[in-house]
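In order, the protein sequences belong to chains S and L.
Residue numbers for the first sequence follow the numbering used here, beginning at 11 and rising by one.
Residue numbers for the second sequence follow the numbering used here, beginning at 66 and rising by one.
Since the structure comes first, as structure tokens, the remarks are kept for the end.
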Amino acid sequence: MEKITNIEQLDLLKNSLRKARESGRQVVRVCLGPGCRAQGADKVAAAFRNAVRQQGLPVKVEPLIKETGCHGFCKEGPLVTLEPSGLFYSRVKPDDVEEIVEKTIKNNEVISRLLYSENGTVYKSAQEIPFYKMQKKIASRNVGDIDPLSIEDAIANGAYQAVAKAFASMTPEQVIKDVEVSGLRGRGGAGFPTGRKWRSAADAVKKHPGPVYVVCNGDEGDPGAFMDCVVMEGDPHSVIEGMIIAAYALGARQGFIYVREEYPFAIKNLTIAMEQARSAGLLGANIMGTGFEFDIRINRGAGAYVCGESTALFQSIEGKPGEPRAKYIRSVERGLWDRPTVLNNVETLANIPVIIENGGEWFSKIGPPNSTGTKAFSLVGKVKNVGLVEVPMGVPLSTIVEDIGGGIPGKKSFKAVQTGGPSGGCIPYKLKDVSVDFDSLTKIGSIMGSGGMIVMDDRDCVVDVARYFLRFLEEESCGKCLPCRLGLEAMLEFLDNFAQGKGSLEDIEELKSLAKAVQDGALCALGGSAPNPMLTTLEYFRDEYEAHIIEKRCPAGVCKDLITFHIDSEACTGCGLCASNCPQACITGEDKKPHEISQNACTRCGTCMDLCKFSAITVS
Amino acid sequence: MKEINTKKLINFSINGTAAQAKEGWTVLDTARNMGIYIPTLCHHEAVEPIGACRLCVVEARQGNWSKVVVSCMYPPFEGVEIFTDSERVKNVRRWVLEMLLAQCPASREIKALAAEYGLKSTRFKIKNPEEQCILCGLCVRVCAEVVGVQAISLGSRGVLKHVSTPYMVPNKACIACGSCVSVCPTGAMQTRLDKVRGDISQRTGHGFAH
Ligand SMILES: Cc1cc2nc3c(=O)[nH]c(=O)nc-3n(C[C@H](O)[C@H](O)[C@H](O)COP(=O)(O)O)c2cc1C
Ligand code: SF4
Ligand code: SF4
Ligand code: FES
Ligand code: FES
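If you want it as structure tokens, here you go:
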């Protein structure tokens, strides 16, 4: 591609790329996001290329095969969408490809077997599917649409238009003002107003002239979260563009993207995108011929959760051990190498170009006044439509879990949702209509966090869930400060006791007092927020804790020391599903007759209970 | 003492008594100057504070705002009210000390400090009855910042963290000055020094560093 040496040139390029799109050529998009990849999407993509090559199609019919980022509906992957028909094929296998080329691509025939159906309705295109209908995509606007390895594709979709607009018609001050007006709050967890952060950093540079840095936080360590991964992989240019705009606003010349090593595709796609942007004159020296210079370096994090914390992240970039520092001086004033630094999350930055293009005013009208815009969530756990969703702030939680997520699979019931990962809280079913925005979630003891959403059903034990998150954090604690290093272990001692039916009601009060000491005493928010899952489960499910302690019973049938599984001979149809799946092979019975569990060999893994279609397994 | 800029004084209060901090002073510096006692473990004037033990916590208040902060690093601001023994503060110290009784049961210093807060025993599991180290890192910091040789370091992370020499073998970089022993708040370094310096009589050449 030719180097872009002035702002008008970008527009010309965009228009010519768009024209080329209108040629009527067919496009096949194969999702190569993390979910579909895990289900063999790369083989599907390869099969398409092969089939097209072998068939020797005339240019007019030969489709363009695009390997894209995550379409969101990962549970139905591998996904393939076709243009111009708009067809949406789900669960596509390499073996289906020949038929798709033969029938759909050559002859416009629909293969109904590959269409998605739900509750008896068959859907031809994505837009009609309930999962997509209620979503609104801003941060992930191009993900799943563009080929992340093609800067032309990104530019045709409008990439770098916001930078051009800022350069051509806005002063740095106006950029900051617009971000302030937008009301955008950080998507990385703390929800700090982005405009205010930029303003403080800009003021700090004015006071102490010298270098200032823009850092993108792509550490994404929450278990089950993959929103940032999907944006970095599927639309790397949106992150780069957001960073250039931040750099312009602050006068920064150097930026860093901190990505965890476990995201090789994010690292690869970002690296290629940056290379392409440099050769196109959109990154590096003299961007778009304006004389403005800004470049970005990628730092790979070794996957320590705590390195997502701002001060630990800076230490890590500086090549020191990733341990948080006490920050009575804010990092906007003294961050990387003690210089003013703006640290923003991937999703925060991906929102910036849209805000600059459409104006802060426009953005501020989406969602409630204090939580503007949209939020991406990775929806996981006991929910039918596991995947990635982006919704306007302020929608009820139930809309995400039940309408978009399709509710709980099987005959189990919706018990709770954990938002905010290990630092967040557990929201019970009775509060399922809570508005998903920063303030409402905080009010009920949880947090928005970075967007992990783990759905739980009645087979999830809250004591066990609290232990799970605490154990995760205990392993991830950097160990620098005592309330965290010793406190998380001590809290676990209490919970381990409860899970064994030991302890007393006074212990619950003692545990709360310890939690307060950890919250008050810990150096960073890893320790400071670690008690949240335990405190919220205690608040909303105290009876379940008491059942463990007083009745020595785990109502969800999870805590192994407190349960035995039985088969209800009335309900059992003798289908044998449990017997053939029991890892201990300790379930016996004749065909079509009630089965039995041999208690001596049973390890209480619960496989039988999860599988039984007739709710015949009971726990006591 | 810290470098002092005598031009500017910050007026605030500690436990209701008027306090004045010179610029650059922390709450702990000011409190000590006034003769107010705040327990500390990981703080030593010879090295940079890191705020690790959290024993020196105090509560800072202004109007409806309040926050528990570490006095060894917190720079007071005009008008802030500091409380060194509020309920929240005592709660942090009591729990940290009870957990320390389990972490380093062999330390006399920790036992004495715990007793000041009415703690004689701990409910938590004792892993190593011989342990004395609280992992405050003072030894490591004095070695690096004052002695300038980095003979010891804090290895590993989280609950596995420990003080050791690289690769856990005696380190020739150690000049056997004993600074680490003298700053150690618990007596733990006393028993470790020999492992760090090794058998000095076997060293060749003069001078200990390399
Ligand atoms: C233990 C811990 C882990 C964190 N991990 C992340 C992370 O993986 N990604 C992220 O963007 N922010 C993370 N944060 C929040 C960051 O410290 C910081 O607030 C954020 O990156 C600022 O960007 P924002 O204002 O755009 O949200 C973490 C915070 C803590 C305390
Ligand atoms: S709270 Fe935990 S993670 Fe944070 S500094 Fe303390 S020990 Fe390290
Ligand atoms: S040996 Fe002493 S000075 Fe060193 S970390 Fe342990 S307690 Fe602190
Ligand atoms: S990875 Fe394909 S839909 Fe998410
Ligand atoms: S003395 Fe302040 S944190 Fe240890």
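Note that the Cβ used here is the ideal one computed from N, Cα and C, for glycine as well.
What residue range does the beta strand (DSSP E) around residue i cover?
i: L:HIS227; result: 227–229
i: S:HIS218; result: That residue, S:HIS218, is in no beta strand (DSSP E); it is neither H nor E in DSSP.
i: S:VAL40; result: 37–41
i: S:PHE387; result: 384–391
i: L:ALA83; result: 82–88
i: S:CYS226; result: 223–228
i: S:LYS76; result: 74–78
i: S:ILE306; result: 305–311
i: S:GLU371; result: That residue, S:GLU371, is in no beta strand (DSSP E); its alpha helix (DSSP H) goes 370–374.
i: S:GLY397; result: 397–402
Does the beta carbon of residue i fall short of 7 Å from some heavy atom of ligand 4?
i: S:GLY50; result: no
i: S:HIS81; result: yes
i: S:LEU89; result: yes
i: S:GLY415; result: no
i: S:CYS84; result: yes
i: S:LEU398; result: yes
Check residue i in the structure and name its three-state DSSP category.
i: S:MET11; result: coil
i: L:GLY252; result: coil
i: L:GLN127; result: strand
i: S:PRO432; result: helix
i: S:TYR478; result: helix
i: S:ILE627; result: strand
i: L:HIS108; result: coil
i: S:HIS558; result: helix
i: L:GLY270; result: At L:GLY270 the pLDDT is 47, less than 50, meaning the model places this residue with poor confidence; the figure from the coordinates comes in the next sentence. Three-state DSSP puts L:GLY270 in coil, outside helix and strand.
i: S:CYS592; result: coil
i: L:VAL214; result: coil
If you measure from the CB of residue i, is any heavy atom of ligand 1 nearer than 7 Å?
i: S:SER460; result: yes
i: S:LYS422; result: no
i: S:ALA535; result: yes
i: S:ARG59; result: no
i: S:ALA386; result: no
i: S:ASN354; result: yes
i: S:GLY318; result: yes
Counting only beta-carbon separations shorter than 8 Å, does residue i have a partner in chain S?
i: L:GLY270; result: Confidence in L:GLY270 is poor, its pLDDT being 47 and thus under 50, which makes the residue's placement too unreliable to answer from.
i: L:CYS245; result: no
i: L:GLY223; result: yes
i: L:GLN127; result: no
Would you please verify whether the beta carbon of residue i is less than 8 Å from any beta carbon of chain L?
i: S:LYS113; result: no
i: S:TYR99; result: no
i: S:LEU20; result: no
i: S:LYS526; result: yes
i: S:TYR478; result: no
i: S:ALA336; result: yes
i: S:PHE141; result: no
So is the beta-carbon of residue i under 7 Å away from any non-hydrogen atom of ligand 3?
i: L:ILE175; result: no
i: S:PRO274; result: no
i: L:CYS198; result: yes
i: S:GLY228; result: no
i: L:PRO250; result: yes
i: L:ALA253; result: yes
i: L:LEU203; result: yes
Could you please give the first and the last residue of the uninterrupted alpha helix (DSSP H) stretch that includes residue i?
i: S:LYS522; result: 515–531
i: S:PHE177; result: 171–179
i: S:TYR258; result: 246–260
i: S:GLN64; result: 51–65
i: L:PHE295; result: Residue 295 of chain L lies beyond the residue range present for chain L, which begins at 66 and ends at 275; the question has no answer from this structure.
i: S:ILE327; result: 320–327
i: L:GLU181; result: 173–181
i: S:PHE575; result: No alpha helix (DSSP H) contains S:PHE575, which is instead part of the beta strand (DSSP E) from 575–577.
i: S:ASN25; result: 17–31
i: S:VAL189; result: 182–192
i: S:LEU502; result: 497–509
i: L:VAL168; result: Here residue 168 of chain L turns out to be Gln, not Val, going by the sequence shown. Segment 152–168, the alpha helix (DSSP H) holding L:GLN168.
Task: Under 6 Å, CB to nearest heavy atom of ligand 5: contacting residues - done: L:THR105, L:LEU106, L:CYS107, L:HIS108, L:GLY116, L:ALA117, L:CYS118, L:ARG119, L:LEU120, L:CYS121, L:VAL135, L:CYS137
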